[in-house]
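Q: Structure in structure tokens, see below.
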Ligand code: MF3
Ligand code: CO
Ligand code: CO
């Protein structure tokens, strides 16, 4: 089955048609997308349409000549860089963007085992990271910009004496990653208002008292997304892939094993698994050994032992598994513009199993939505 990108809609007032290739010249100059079905519809809508030119002054698509794989566009300018008080401990890359100790430890056969005190440090930062994700997710609704979500995350981190780990990590410009619709991961918060029907992943990482804690979830925006069987299929499959792979984790698990379970489940839902981004060790470093691929028949090195901490964070697509990076050098889109969803936990290997350090709380927003019965039946047929 091939996934389809939803057709562009006509911007005309009260027009439900799909758009053609006609664009408003004023919007085009401003780098904004606004397509119409016909010259007539454009003329008819003009008196109302022109008001958006004023409202959106200063707003622009920074890469107007890039051929985007899907319908999503960046909406610039980004807000000014947010600051973190000196009194909050900063990670090593906060100044120049370079995580030097991560580069030294690229050695794959060197998976850190955390002592009791370090494990306690990881419990603490992961609990705080869960609080911050839940606070941000509670703000999601149509009309809210991802830049506002970034502001909420940033402030919630500071209130918890924590540095938002993404900020300036290899020059990432914001405090959280927000990935909408076809974006696989590493979306940069900007001025685009969320729309009813979007799915959005919020990926939060905190640096607190010397340790990083990392988690993410994908959420449905408004009621339309939950009624879209394709959106529900990719989001719920991704959620289940993470849960099923966590069930494997205990001493003796090979780091090549989660990928087999994840890809097997994704296939039963006609979904594909992203190969370009993996789960990772996490502790005093944001990203370190082990590497944990999410795809089957991978050659990951190493065996889980008590005291190891790592993430699993499967990215699941409706169409191709292939990705393309936007010219901002961060945003990873599906190559065909079809939807993508992700979930992530930070996990501690215990003597006899696993502790999910970023586990949901009874109060956490979001959570599983049943897959429409029609979809399940289609699958069995
Ligand atoms: N949180 C992401 C992960 O799960 C990494 C984001 S790196 C950033 O590994 F620089 F984009 F923030
Ligand atoms: Co993350
Ligand atoms: Co991660």
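Residue numbers (our numbering): -10 to 370.
The beta carbon of each residue, even a glycine, is placed where N, CA and C say it ideally should be.
These numbers were taken from a predicted model, which means no experiment stands behind them.
#1: Verify whether the separation of the beta carbon atoms of residue 190 and residue 169 is less than 9 angstroms.
#2: Taking residue 171 as the reference, give the member of 223, 195, 130 and 185 with the closest Cα.
#3: Whose C-alpha, out of 351, 152 and 297, is nearest the C-alpha of residue 243?
#4: Around the C-beta of residue 109, are 16 or more other C-beta atoms found within 10 angstroms, so that it is buried, or is it exposed?
#5: Going by beta carbon distance, what residues of the same chain come within less than 7 angstroms of residue 161, once the five residues before and after it are set aside?
#6: Relative to ligand 3, is the shortest distance from any of its heavy atoms to the C-beta of residue 268 smaller than 8 angstroms?
#7: Which of the three DSSP states, helix, strand or coil, is assigned to residue 158?
#8: DSSP has residue 168 in a bridge; who is on the other side?
#9: Excluding five sequence neighbours on each side, which residues of the same chain lie with their C-beta closer than 8 angstroms to the C-beta of residue 186?
#10: Tell me which same chain residues have a C-beta within less than 6 angstroms of the C-beta of residue -9, skipping the five on either side of it?
#11: Please classify residue 88 as buried or exposed, where buried requires at least 16 neighbouring CB atoms within 10 angstroms.
#12: Please give me, in chain order, every unbroken run of the alpha helix (DSSP H) with length at least 4 that falls completely inside the stretch 203 to 273.
#13: Using only alpha-carbon positions, find the residue among 9, 226 and 204 that is nearest to residue 361.
#14: Is residue 170 near ligand 2, with its Cβ less than 8 angstroms from a heavy atom?
#15: Roughly how many angstroms separate the alpha carbons of residue 63 and residue 57, rounded to a whole number?
#16: Within 10 Å of its beta-carbon, does residue 256 have 16 or more other beta-carbons around it, so buried, or fewer, so exposed?
#17: Would the beta-carbon of residue 166 be found less than 8 angstroms away from any heavy atom of ligand 2?
#18: For a test of your reading of the model: does the CB of residue 340 fall under 8 angstroms from any non-hydrogen atom of ligand 2? Yes or no.
#19: Check for me: the alpha helix (DSSP H) holding residue 111 runs from which residue to which?
#20: What's the gap between the Cα of residue 383 and the Cα of residue 337?
#21: From residue 104 to residue 142, what distance separates their C-alpha atoms?
#22: Work out the CA separation of residue 137 and residue 182 for me, nearest whole Å.
#23: Report all residues from its chain with a CB closer than 6 angstroms to the CB of residue 313; omit the five preceding and five following residues, and keep chain order.
#24: If you count every other CB in all the chains shown that lies within 10 Å of the CB of residue 207, and 16 or more means buried, which is it?
#25: I'd like to check one pair, residue 228 with residue 299: are the Cβ atoms closer than 9 angstroms?
#26: Can you give me the C-alpha to C-alpha distance between residue 311 and residue 173, rounded to a whole angstrom?
#27: So the candidates are 55, 269 and 25; which of them puts its Cα closest to the Cα of residue -3?
#28: Would you say the beta carbon of residue 336 comes nearer than 8 angstroms to a heavy atom of ligand 2?
#29: Return yes when the C-beta of residue 24 is under 8 angstroms from any heavy atom of ligand 1, and no when it is not.
#30: Starting from the Cα of residue 203, find the closest Cα among 179, 164, 234 and 233 and give me that residue.
#31: Distance check for residue 250 and residue 295, CA to CA, integer angstroms please.
A: Let me lay it out:
#1: yes
#2: 223
#3: 297
#4: exposed
#5: 155 and 319
#6: yes
#7: helix
#8: 190
#9: 210, 211, 213, 214, 217 and 220
#10: Low local confidence applies: a pLDDT of 46 at residue -9 is under 50, so the model's placement there is unreliable, with the coordinate-based value given in what follows. Nothing listed; no residue qualifies.
#11: buried
#12: 211 to 215, 218 to 235 and 246 to 257
#13: 226
#14: no
#15: 10 angstroms
#16: exposed
#17: yes
#18: no
#19: 105 to 126
#20: No statement about residue 383 is possible, as the shown extent of the chain runs from -10 to 370 and does not include it.
#21: 30 angstroms
#22: 9 angstroms
#23: 58, 322 and 324
#24: buried
#25: no
#26: 10 angstroms
#27: 25
#28: no
#29: no
#30: 164
#31: 22 angstroms
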